[in-house]
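Below is one structure; the comments refer to it alone.
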Amino acid sequence: MPNNCTRTGVGLFSEMKEDYESGYPSYQTDAAAIEQLRPLLKNTKVIMVLGTWCGDCKLQVPHFYRILDAAGMEEENIELVCVDRMKRDEHGRTEELKVMRIPTFIFMRPAEEGMVHLAVQDSPGKTHLYEEVGRIVESPLTTLEEDMIEILSPNK
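Each residue of the sequence shown is one higher than the one before, counting from 22 in our numbering.
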């Protein structure tokens, strides 16, 4: 896996390219859910852990990106962690995040004082503390959109 896992790079891996190129445009987002997600994604970071060889990743990652794009999520708020077949990455993020299965989509919000937190580097030289508010592992319980709304809603 490359040191810097990027959206463009993931889509170029031969083992992921065809699935990404067909799965992204063909996924029909739920328009009502997208409207609900827009405000919920504000101040949210997403950590996406994936393997380009993984069948679940090939299915879910293009759909997840389609949803994030439709909801206006900025690329700078998405961190990709690419893993090998042992589900390890070069920087130890999977151990830090306790990732056992992929894909794993982790939703983070700025940490409140006293909360369990994780340091996230927002840009070179700038690190902020975030707390996990939820995650989707392998596949959604209902749909990606509905699971995201459930995770991100303040009244859960």
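Glycine included, C-beta positions come from ideal geometry on N, C-alpha and C.
In the DSSP output, what is residue i paired with across the bridge?
i	result
ARG122	None, per the DSSP bridge assignment.
GLY30	DSSP lists no partner for GLY30.
PRO60	Note: PRO60 sits in no beta bridge, so no partner.
PRO131	TYR151
ILE68	GLU100, ILE127
VAL82	According to DSSP, VAL82 bridges with nothing at all.
ARG156	ILE127
Taking Cβ positions, are residue i and residue j nearer each other than 9 Å?
i	j	result
LYS233	ILE99	In the structure as shown, the chain begins at 22 and stops at 177. Residue 233 is therefore absent and cannot be evaluated.
VAL82	VAL102	no
LEU165	ILE55	no
ILE68	ILE157	no
GLY72	ASP40	no
GLU96	THR125	no
VAL154	ARG130	yes
LYS38	VAL70	no
ALA91	THR27	no
PRO161	GLU152	no
According to the neighbour-count rule (16 or more other Cβ atoms, all chains shown, within 10 Å of its Cβ), is residue i buried or exposed?
i	result
THR29	exposed
GLY188	Residue 188 lies beyond the residue range present for the chain, which begins at 22 and ends at 177; the question has no answer from this structure.
GLY93	exposed
ASN24	At ASN24, the pLDDT of 43 sits below 50, so the modelled position is not reliable and the matter cannot be decided from this model.
LEU58	buried
ASP110	buried
GLY44	buried
THR115	buried
LEU173	buried
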